[in-house]
Amino acid sequence: MQQIPGFGVFWKDKNSIYLGCNESFARIAGARNPAAIVGKNDFELGCSREEAEEFRRVDREVIRTGKTVLNMREVAHGRKRATHLRTHKTPLRDGRGKIIGVLGITEDITNSAEMEGALRQKERELEALLNHLPDLAWLKDTQSRFILVNESFAEKCGRRPESLKGKTDLDVWPRKLAEGYRAADRQVIREGKTLRMEEELETTDKSRTWIETIKAPIRDGRGKIVGTVGIARDITEQKRWAERQ
Numbered sequence: 002m003q004q005i006p007g008f009g010v011f012w013k014d015k016n017s018i019y020l021g022c023n024e025s026f027a028r029i030a031g032a033r034n035p036a037a038i039v040g041k042n043d044f045e046l047g048c049s050r051e052e053a054e055e056f057r058r059v060d061r062e063v064i065r066t067g068k069t070v071l072n073m074r075e076v077a078h079g080r081k082r083a084t085h086l087r088t089h090k091t092p093l094r095d096g097r098g099k100i101i102g103v104l105g106i107t108e109d110i111t112n113s114a115e116m117e118g119a120l121r122q123k124e125r126e127l128e129a130l131l132n133h134l135p136d137l138a139w140l141k142d143t144q145s146r147f148i149l150v151n152e153s154f155a156e157k158c159g160r161r162p163e164s165l166k167g168k169t170d171l172d173v174w175p176r177k178l179a180e181g182y183r184a185a186d187r188q189v190i191r192e193g194k195t196l197r198m199e200e201e202l203e204t205t206d207k208s209r210t211w212i213e214t215i216k217a218p219i220r221d222g223r224g225k226i227v228g229t230v231g232i233a234r235d236i237t238e239q240k241r242w243a244e245r246q
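If you use our numbering, the sequence shown corresponds to residues 2 to 246, in order.
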């Protein structure tokens with residue numbers, strides 16, 4: 002068990018007292034070495050009382066049911082910083098199959114959790130920015146699925162912004178329009194260039210309206226195209242003004 006790279010392994014008795022662990026778990030627990038945790042419980046290792054009680058509750062569930070609990074997300078705050086853990090717990094049995102405690106495998110996913118949190122914050126900031134635009138604005142992935150839309154776009158569709166995530170133009174617009182929008186997305190991704198379009202549409206009351214759409218590629222830190230961003234605005238009044246000149 003000492004040789005499972007990147008994973009902390011520990012085992013407890015039926016009272017949630019640690020019987021042992023590997024070097025990785027000792028580091029996660031903030032202990033000097035595996036021997037330093039033997040005979041202690043989670044509270045004595047620096048977890049808050051609430052955290053320790055929750056860990057014990059899961060231990061008791063595993064012991065009572067004899068079933069494995071997978072992919073628990075845990076946060077321990079008792080050390081220098083919050084430690085985000087992904088933990089699996091399974092019954093620890095003796096040679097006759099009797100349950101004598103809990104065996105756990107845990108992974109420190111703090112960096113991943115912090116990155117996810119930062120990405121969510123960036124998404125919230127971007128969403129707030131887009132919502133200040135009077136124009137329709139959206140982000141799509143390379144499969145033309147909506148990642149984010151602003152409130153103006155959602156209102157035009159008669160939807161809530163969050164309900165459009167993962168949808169495509171085919172879920173929102175008439176097929177002829179949707180296929181044209183998807184073709185434009187593919188062109189932007191293929192050529193890696195900004196595309197500006199003007200199109201004349203017929204509204205439900207049979208009047209004509211002009212829409213200007215600008216689409217551009219979204220690139221990651223290495224320059225790879227990972228989606229498209231689009232802005233559309235009604236330019237009917239500008240068109241009519243130009244025609245009168």
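The C-beta atom is built at its ideal place from N, Cα and C for all residues, glycine as well.
Segment contact, 8 angstroms Cβ cut-off, at least three pairs: the region 8 to 25 with the region 100 to 107: yes
Pair within 9 angstroms by beta-carbon distance, residue 226 and residue 214: Residue numbering aside, residue 226 sits at position 225 when the sequence shown is read from its first letter. Residue numbering aside, residue 214 sits at position 213 when the sequence shown is read from its first letter. Their beta carbons are not under 9 angstroms apart, which means residue 226 does not touch residue 214 by this criterion.
When 176, 199, 41 and 93 are compared against residue 63, the one with the closest alpha-carbon: Taking the sequence shown and counting its residues from 1, one reaches residue 63 at position 62. It is 93 whose Cα lies nearest to the Cα of residue 63.
Counterpart residues of residue 212 in DSSP-defined beta bridges: Residue 212 sits at position 211 when you count from the first residue of the sequence shown. Bridge partners of residue 212: 200 and 235.
Contact check, residue 199 vs residue 219, beta carbons under 9 angstroms: Counting from 1 along the sequence shown, the entry for residue 199 is found at position 198. Counting from 1 along the sequence shown, the entry for residue 219 is found at position 218. Not closer than 9 angstroms, so no.
Assumed close pair residue 148, residue 141 - CB separation to whole angstroms, cut-off 8 angstroms: As a working note, residue 148 is residue 147 in the sequence shown. As a working note, residue 141 is residue 140 in the sequence shown. The pair is a contact, with the Cβ atoms about 6 angstroms apart (cut-off 8 angstroms).
Residue 46 versus residue 54 - alpha carbon distance: Along the sequence shown, read from residue 1 onward, the residue named residue 46 stands at position 45. Along the sequence shown, read from residue 1 onward, the residue named residue 54 stands at position 53. Looking at the two C-alpha atoms, the distance is approximately 13 angstroms.
Reference residue 85, options 48, 91, 134 and 66, closest by Cα: For the purposes of this step, residue 85 is taken as residue 84 along the sequence shown, with counting starting at 1. When each option's Cα is compared against that of residue 85, the closest is 48.
Among 70, 243, 56 and 18, the one whose alpha carbon lies nearest that of residue 38: Taking the sequence shown and counting its residues from 1, the one referred to as residue 38 is at position 37. Ranking 70, 243, 56 and 18 by Cα distance to residue 38 puts 18 first.
Cβ neighbours of residue 240 in the same chain (closer than 6 angstroms, five flanking residues each side left out): To locate residue 240, count along the sequence shown from 1; it is residue 239. Once the five neighbours on either side are set aside, the close Cβ partners of residue 240 are 211.
Alpha-carbon spacing of residue 193 relative to residue 52, whole angstroms: Position 192 of the sequence shown, counted from the start, is the residue given in the question as residue 193. Position 51 of the sequence shown, counted from the start, is the residue given in the question as residue 52. Distance between the alpha carbons of residue 193 and residue 52: 50 angstroms.
Contacting residues, own chain, Cβ-Cβ under 7 angstroms from residue 145 (five flanking each side not counted): Counting from 1 along the sequence shown, the entry for residue 145 is found at position 144. Once the five neighbours on either side are set aside, the close Cβ partners of residue 145 are 169, 170, 183 and 186.
Assigned secondary structure, residue 108 (DSSP; H/G/I helix, E/B strand, else coil): The residue given as residue 108 occupies position 107 in the sequence shown. DSSP places residue 108 in strand when its eight states are reduced to three.
Enclosing beta strand (DSSP E) for residue 178 [first to last residue]: On the sequence shown, residue 178 is found 177 positions in, with the first residue counted as 1. From DSSP, residue 178 is part of no beta strand (DSSP E) but of the alpha helix (DSSP H) over 176 to 192.
Per DSSP, the bridge partner or partners of residue 141: Here the question's residue 141 lines up with position 140 in the sequence shown. Its beta-bridge partners are 147 and 229.
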